[in-house]
Amino acid sequence: MTDNEDVSQHVFAPVEAPLSEKAAGDEAPPIVVARSVTPAPKPPEPPMEVVATWRELRGPWRVFAMSEWIMRDRVSFFDEIRARSDLSHKLRSMVVSTIIYLALYGLVMGISNSWQQALMSAIKLPVLFLVTLLICLPTLYFFNLLYGSQLTFGQTAALIMAAVTITAALTLAFASITLFFWLTVPDYEFFVLLNVGVLAITAWWGLSFLRQGMRHIQRVAPQARRILAIWVAIYAFVGTQMGWALKPFFGAPGQPFEFIRRTEGTFYTSVFRIILGLLGFRG
Amino acid sequence: MRRILQPFAIVERVLRDRIAYFAEIGRGEKLPAKIADLLAITVFGLAVFGFVAGLSGRDIAQALISTVKLPFLFLASGVICLPTLYYFSVLFGSRLRFLQTITLILTAQTVAAILSLGFAPISLLFWLSGSEPLFMVALDTAVLGLAAGLGLIFLVQGALYIQEAQPPDKITFFTWAWMFIKGTLRSLVLAGWMVVYGLVGTQLSYTLRPFFGVPLGGRDFWSSVGNVLAGLLRAGR
Numbered sequence: 000m001t002d003n004e005d006v007s008q009h010v011f012a013p014v015e016a017p018l019s020e021k022a023a024g025d026e027a028p029p030i031v032v033a034r035s036v037t038p039a040p041k042p043p044e045p046p047m048e049v050v051a052t053w054r055e056l057r058g059p060w061r062v063f064a065m066s067e068w069i070m071r072d073r074v075s076f077f078d079e080i081r082a083r084s085d086l087s088h089k090l091r092s093m094v095v096s097t098i099i100y101l102a103l104y105g106l107v108m109g110i111s112n113s114w115q116q117a118l119m120s121a122i123k124l125p126v127l128f129l130v131t132l133l134i135c136l137p138t139l140y141f142f143n144l145l146y147g148s149q150l151t152f153g154q155t156a157a158l159i160m161a162a163v164t165i166t167a168a169l170t171l172a173f174a175s176i177t178l179f180f181w182l183t184v185p186d187y188e189f190f191v192l193l194n195v196g197v198l199a200i201t202a203w204w205g206l207s208f209l210r211q212g213m214r215h216i217q218r219v220a221p222q223a224r225r226i227l228a229i230w231v232a233i234y235a236f237v238g239t240q241m242g243w244a245l246k247p248f249f250g251a252p253g254q255p256f257e258f259i260r261r262t263e264g265t266f267y268t269s270v271f272r273i274i275l276g277l278l279g280f281r282g
Numbered sequence: 000m001r002r003i004l005q006p007f008a009i010v011e012r013v014l015r016d017r018i019a020y021f022a023e024i025g026r027g028e029k030l031p032a033k034i035a036d037l038l039a040i041t042v043f044g045l046a047v048f049g050f051v052a053g054l055s056g057r058d059i060a061q062a063l064i065s066t067v068k069l070p071f072l073f074l075a076s077g078v079i080c081l082p083t084l085y086y087f088s089v090l091f092g093s094r095l096r097f098l099q100t101i102t103l104i105l106t107a108q109t110v111a112a113i114l115s116l117g118f119a120p121i122s123l124l125f126w127l128s129g130s131e132p133l134f135m136v137a138l139d140t141a142v143l144g145l146a147a148g149l150g151l152i153f154l155v156q157g158a159l160y161i162q163e164a165q166p167p168d169k170i171t172f173f174t175w176a177w178m179f180i181k182g183t184l185r186s187l188v189l190a191g192w193m194v195v196y197g198l199v200g201t202q203l204s205y206t207l208r209p210f211f212g213v214p215l216g217g218r219d220f221w222s223s224v225g226n227v228l229a230g231l232l233r234a235g236r
């Protein structure tokens with residue numbers, strides 16, 4: 000140790016000396032440095048105030064305030080959910096805006112059949128999303144607990160509801176395009192495919208948003224991923240059956256208007272039967 | 000006279016110094032006034048070009064109808080695609096606001112309108128010198144497509160520039176490319192949106208046909224274009 004100290008003194012002492020001499024000898028450089036420094040630390044322009052936009056929304060545009068906030072400033076949104084601040088108010092406004100977005104898209108979806116079908120789809124589409132959520136929520140919450148999550152029931156509901164709201168808002172963004180294609184290319188198969196494609200894309204981004212939220216709130220990535228996979232599986236399982244029970248959403252152009260088509264069985268048994276039929280077995 | 004020419008000031012700014020113009024949009028300066036000017040130019044430029052294009056079939060009534068239809072074609076496809084661009088940009092962390100998005104889309108359309116307005120005399124010359132109708136159709140369609148494509152470049156550049164927290168003062172082609180790559184998903188969304196916009200635009204142009212007063216046949220936009228080219232080849236033989 001002492002050897003080292005000695006060496007360092009010997010080595011560094013002569014190096015420091017000329018430096019200090021230079022600094023002492025020249026008086027001009029410090030001033031030059033000071034001059035060049037003063038204009039440099041110009042404060043960077045503050046980032047554009049984005050939060051103001053959704054707060055400014057007035058009148059009927061107020062409906063979009065919630066989804067704007069969630070999308071633009073998601074970090075503060077997730078932080079508030081983690082802090083459990085004002086959860087019930089958030090949940091309420093998310094539910095209201097989801098209903099409005101999906102109802103508007105449902106109108107477009109059902110237009111291929113008749114105006115009655117359009118109205119019916121406007122009611123059914125929000126019901127499909129929200130009732131599925133309601134049915135799944137207890138299971139989702141308990142799975143969450145099982146994996147040692149600290150989230151409360153309200154937080155879980157708010158997080159999933161936010162993903163549904165995002166999905167609904169993005170779906171609504173496609174409404175004009177879907178309507179346009181129905182008006183110009185009145186081809187029923189294409190229309191159904193277009194709608195399914197839109198819902199698939201928007202649901203995908205809703206899910207990726209949910210993953211971000213889980214990561215932000217949960218902090219444990221692998222655990223969050225496992226919970227998310229289970230959630231998606233349950234939600235899809237129930238949602239498919241729900242959609243099956245509520246059909247028709249489109250109604251082919253020639254068909255008479257129906258409120259809810261009377262069908263037996265589930266989506267899965269009917270798919271199974273179709274596969275059996277294709278293979279040559281008659282169920 | 001000055002009042003009438005006033006909207007053209009914005010064209011000058013867009014084409015000469017687009018960086019300053021984008022910065023103004025980024026700061027949100029006088030957006031409603033800008034939108035009004037851009038709208039006026041888009042309608043005017045496309046109306047003039049629509050009139051000239053409608054003359055191809057030697058039918059004045061068709062020319063008058065096209066005067067109305069061509070601006071409507073552009074504005075309607077902009078309106079149809081606006082919500083998707085806005086919501087998907089916001090979802091991927093863009094700071095674009097609604098009015099800014101409208102301004103950018105209208106900028107793209109104004110550039111397209113100005114370019115086709117500039118081409119109108121050329122097209123008129125070809126018409127007066129007795130070009131066959133199918134050639135006029137091909138020429139005008141190509142000009143419109145090219146103009147719309149160049150306009151979209153302005154939209155992409157504007158969106159990228161506004162997105163930058165500290166945009167560079169001098170911008171070269173490589174800076175644009177770098178900004179585009181840096182945007183990753185956001186840039187992909189922009190590119191995907193342009194595809195949708197193109198699809199909607201072509202489909203709408205087929206729905207609103209005829210523009211030229213020349214029977215084209217064809218079951219959609221692309222087969223009509225194919226028919227025109229095939230007709231030209233046949234005539235040239």
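Sequence order for the protein chains is W and R. First residue of the first sequence? That's 0 in numbering that gives the first Met the number 0, and the numbers climb one at a time after it. First residue of the second sequence? That's 0 in numbering that gives the first Met the number 0, and the numbers climb one at a time after it. Beta carbons: idealized from backbone N, C-alpha and C, even for Gly.
{"Asked": "Using a Cβ cut-off of 9 Å, pull out every chain W residue sitting near Pro31(R), in sequence order please.", "Found": "By Cβ distance, chain W contributes nothing, its closest Cβ being about 14 Å from Pro31(R), past 9 Å."}
{"Asked": "What residues in its chain sit with their C-beta under 6 Å from that of Ile98(W), if we drop five residues either side in the sequence?", "Found": "Pro125"}
{"Asked": "Quick one: which unbroken beta strand (DSSP E) runs of 3-plus residues sit fully inside the region 155 to 182 of chain W? Chain order, please.", "Found": "none"}
{"Asked": "In chain order, which continuous runs of the beta strand (DSSP E) of length 3 or greater are located wholly inside the region 63 to 137 of chain R?", "Found": "none"}
{"Asked": "In this structure, how does DSSP classify Asn112(W) when only helix, strand and coil are distinguished?", "Found": "coil"}
{"Asked": "Could you check what DSSP says for Ala33(W) in three-state terms: helix, strand or coil?", "Found": "Its pLDDT being 43, under 50, Ala33(W) is placed unreliably by the model, and the measurement read from it follows with that caveat. If DSSP states are grouped into helix, strand and coil, Ala33(W) belongs with the helices."}
{"Asked": "Check distances from the C-beta atoms of the region 63 to 91 of chain R to those of chain W and list, in chain order, the residues that come in under 8 Å.", "Found": "Val78, Ile79, Cys80, Leu81, Pro82, Thr83, Tyr85, Tyr86, Phe87, Val89 and Leu90"}
{"Asked": "For Phe179(W), I'd like the list of residues in its chain whose CB is within less than 7 Å of its CB, leaving aside the five on either flank, ordered along the chain.", "Found": "none"}
{"Asked": "From this set, Tyr205(R), Val155(R), Val213(R) and Pro120(R), which residue's C-alpha is nearest Leu105(R)'s C-alpha?", "Found": "Val155(R)"}
{"Asked": "Among the candidates Val110(R), Leu127(R), Gly230(R) and Trp177(R), whose CA atom is the shortest distance from the CA of Arg15(R)?", "Found": "Val110(R)"}
{"Asked": "Tell me which residues share the same chain as Ala174(W) and place their Cβ nearer than 7 Å to its Cβ, disregarding the 5 neighbours each side in the sequence.", "Found": "Leu103, Tyr104 and Val107"}
{"Asked": "Alpha carbons only, please: which of Asp58(R), Leu45(R), Leu123(R) and Pro82(R) is nearest the one belonging to Phe71(R)?", "Found": "Leu45(R)"}
{"Asked": "Starting from the C-beta of Phe97(R), find all residues in its chain whose C-beta is less than 8 Å away, skip the five residues before and the five after it, and write them out in chain order.", "Found": "Tyr85"}
{"Asked": "Identify whether Lys89(W) lies in helix, strand or coil by the three-state DSSP scheme.", "Found": "helix"}
{"Asked": "At the level of alpha carbons, what is the spacing between Phe125(R) and Ala229(R)?", "Found": "20 Å"}
{"Asked": "At a Cβ threshold of 8 Å, is Gly217(R) touching chain W?", "Found": "no"}
{"Asked": "Please name the residue in Ser76(R), Leu231(R), Ile180(R) and Leu151(R) whose C-alpha comes closest to that of Leu207(R).", "Found": "Ser76(R)"}
{"Asked": "Does the Cβ-Cβ distance between Arg185(R) and Phe73(R) come in under 8 Å?", "Found": "no"}
{"Asked": "CA-CA distance, Leu4(R) and Val78(R)?", "Found": "26 Å"}
{"Asked": "What would DSSP say about Ala229(R), mapped onto helix, strand or coil?", "Found": "helix"}
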